[in-house]
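Asks: Residue numbers (the numbering used here): 1 to 317. The structure that follows is given in the form of structure tokens.
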């Protein structure tokens with residue numbers, strides 16, 4: 001297997017981010033169209049058939065939406081396998097790149113975990129908390145795929161924080177705030193109107209209260225983001241952060257505000273189906289930009305270069 005170029009490494013890692021985030025978006029399409037039980041068994045669609053079949057209790061349209069989402073898992077798995085192959089090939093040339101291989105292995109491991117969680121979700125009749133776990137697992141995998149992208153482009157030194165003052169503590173609090181934002185969002189979804197099937201029981205809690213808590217977590221996320229920027233600015237003379245980090249910081253603001261505005265519009269309009277899927281896509285964008293900011297705040301040294309080709313035709317000693 002030839003040594004992968006930087007462009008190949010980057011392309012496969014970006015594909016991992018897109019597929020891990022994309023499967024969450026297609027899962028939301030399954031949910032808002034009421035297709036969650038279009039294929040009522042796992043791994044078969046119906047007993048005795050891997051594919052949708054005509055059935056008086058299940059619409060063909062819903063069957064194919066659910067079945068199509070399952071097929072996409074295969075694409076996610078192929079990309080995950082490519083991540084491992086490329087990381088393994090790099091490690092052959094650079095044995096010290098253990099962390100890269102470990103990150104790469106989280107991709108196929110995550111696909112396997114998601115298959116198990118997906119089976120539990122179907123077999124339990126789409127209980128809201130199983131759907132929440134399914135989404136949160138995708139969120140973790142999007143985060144890890146973003147870390148993998150950066151791992152291909154950085155070294156393996158112990159991480160050195162490049163943010164001044166209390167920047168390290170604020171960055172850690174920022175990630176915790178993002179996690180709380182995602183978890184509370186799943187409770188709003190669990191109490192909302194789109195359960196994946198008309199007969200699915202919903203989370204028995206006031207959706208107004210849950211939405212308020214979810215919104216409060218967004219405010220907390222933005223407050224920590226503001227404090228972090230203020231801390232960087234306060235130390236701009238003595239310990240300036242790299243310009244690239246400021247650009248990543250600005251990207252987080254843009255994505256977070258857009259996602260917050262979308263969520264508000266979605267709630268005001270009664271949670272229309274199209275906006276639900278856009279909100280899930282926005283969640284993936286929040287995770288990617290937050291992970292990118294996290295990686296930019298930690299320096300692991302320069303990336304290893306492609307090993308030089310062995311010399312040929314050298315004169316004899």
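Built from N, CA and C at the ideal position, the CB exists for glycine as well.
(1) I'd like the ranges of any alpha helix (DSSP H) spanning at least 4 consecutive residues and lying wholly in the region 83-140.
(2) Thinking C-alpha only, which one of 270, 197, 206 and 251 is nearest residue 127?
(3) Judging by CA-CA distance, which residue of 295, 248, 29 and 225 is the nearest neighbour of residue 318?
(4) Keeping to the same chain, check which residues put their C-beta closer than 8 Å to that of residue 136; ignore five residues upstream and five downstream.
(5) May I ask you to verify whether the region 239-256 touches the region 281-297, counting CB pairs closer than 8 Å and requiring at least 3?
(6) What do you reckon, are the CB atoms on residue 12 and residue 79 nearer than 8 Å?
(7) Sort 269, 255, 93 and 260 by Cα distance to residue 285 and report the nearest one.
(8) For residue 55, write down the residues that DSSP places opposite it in a beta bridge.
(9) Whole angstroms are fine: how far does the CA of residue 238 sit from the CA of residue 132?
(10) Measuring CA to CA, which of 21, 15, 70 and 17 is closest to residue 39?
(11) Could you check the C-alpha separation between residue 289 and residue 252 for me, to the nearest Å?
(12) Give me the DSSP bridge partner(s) of residue 166.
(13) Using three-state DSSP, classify residue 246 as helix, strand or coil.
(14) Measure the CB-CB distance between residue 276 and residue 28 and report whether it falls below 8 Å.
(15) Whose C-beta lies closer than 7 Å to the C-beta of residue 9 among residues of the same chain, with five residues either side of it excluded?
(16) Where do the N-terminal and C-terminal ends of the alpha helix (DSSP H) with residue 297 fall, by residue?
(17) Would you identify the three-state DSSP class for residue 203, choosing helix, strand or coil?
(18) Please report the distance separating the alpha-carbon of residue 287 from that of residue 139.
(19) Assign residue 160 to one of three DSSP states: helix, strand, or coil.
(20) Alpha carbons only, please: which of 211, 236 and 194 is nearest the one belonging to residue 32?
(21) Use the C-beta contact count for residue 74: other C-beta atoms within 10 angstroms, 16 or more gives buried, fewer gives exposed.
(22) Would you tell me roughly how many angstroms separate the C-alpha atoms of residue 14 and residue 146, rounded to the nearest one?
(23) Can you give the Cα-Cα distance for residue 156 and residue 223, rounded to whole angstroms?
Replies: Let me spell this out:
(1) Scanning the region 83-140 for uninterrupted alpha helix (DSSP H) segments of 4 residues or longer gives 98-123, listed from N- to C-terminal end.
(2) Here residue 127 corresponds to residue number 127 of the chain shown, with the count starting at 1. For residue 127, the closest C-alpha among the options 270, 197, 206 and 251 is that of 197.
(3) The requested residue 318 is not part of the displayed model; the chain covers only 1 to 317.
(4) Within the chain shown, numbered from 1, the residue matching residue 136 stands at position 136. 182, 183 and 186, listed in sequence order.
(5) With the cut-off at 8 Å, the region 239-256 and the region 281-297 touch.
(6) The sequence position of residue 12 within the chain shown is 12, counting from 1. The sequence position of residue 79 within the chain shown is 79, counting from 1. Contact: yes.
(7) Along the chain shown, read from residue 1 onward, the residue named residue 285 stands at position 285. Residue 285 has its Cα closest to that of 255, out of 269, 255, 93 and 260.
(8) As a working note, residue 55 is residue 55 in the chain shown. Residue 55 pairs with 58.
(9) Here residue 132 refers to the residue found at position 132 when the chain shown is read from its first residue. Here residue 238 refers to the residue found at position 238 when the chain shown is read from its first residue. Annotation: residue 132 to residue 238 spans about 44 Å, alpha carbon to alpha carbon.
(10) In the chain shown, the residue the question calls residue 39 occupies position 39. Of all alpha-carbon atoms in 21, 15, 70 and 17, the one lying nearest the alpha-carbon of residue 39 is that of 70.
(11) For the purposes of this step, residue 289 is taken as residue 289 along the chain shown, with counting starting at 1. For the purposes of this step, residue 252 is taken as residue 252 along the chain shown, with counting starting at 1. Their backbone Cα atoms lie some 5 Å apart in a straight line.
(12) In the chain shown, the residue the question calls residue 166 occupies position 166. In the DSSP output, where bridge partners are listed per residue, residue 166 has none listed.
(13) For the purposes of this step, residue 246 is identified with residue 246 of the chain shown, where counting begins at 1. The answer is helix: DSSP assigns residue 246 an H, G or I state.
(14) Taking the chain shown and counting its residues from 1, the one referred to as residue 276 is at position 276. Taking the chain shown and counting its residues from 1, the one referred to as residue 28 is at position 28. Pairing residue 276 with residue 28 gives a Cβ-Cβ distance under 8 Å.
(15) Walking along the chain shown from the start, residue 9 turns up at place 9. Counting only Cβ-Cβ distances below 7 Å, and skipping sequence neighbours, we find 86 and 152.
(16) Taking the first residue of the chain shown as position 1, residue 297 is located at position 297. From DSSP, residue 297 is part of no alpha helix (DSSP H); its letter is neither H nor E.
(17) Residue mapping note: residue 203 aligns to position 203 of the chain shown, counting from 1. In this structure, residue 203 counts as coil in the three-state DSSP scheme.
(18) Here residue 287 refers to the residue found at position 287 of the chain shown. Here residue 139 refers to the residue found at position 139 of the chain shown. Each residue's Cα considered, the two are about 7 Å apart.
(19) Looking up residue 160 in the chain shown gives position 160. Residue 160: strand per DSSP, three-state reduction.
(20) Here residue 32 refers to the residue found at position 32 when the chain shown is read from its first residue. When each option's Cα is compared against that of residue 32, the closest is 194.
(21) Here residue 74 corresponds to residue number 74 of the chain shown, with the count starting at 1. Note on residue 74: under 16 other CB atoms within 10 angstroms of its CB, so exposed under the neighbour-count rule.
(22) The sequence position of residue 14 within the chain shown is 14, counting from 1. The sequence position of residue 146 within the chain shown is 146, counting from 1. Taking the straight line joining both Cα atoms gives about 8 Å.
(23) Sequence index remark: in the chain shown, residue 156 carries index 156 (1-based). Sequence index remark: in the chain shown, residue 223 carries index 223 (1-based). In this structure, the CA atom of residue 156 is about 32 Å from the CA atom of residue 223.
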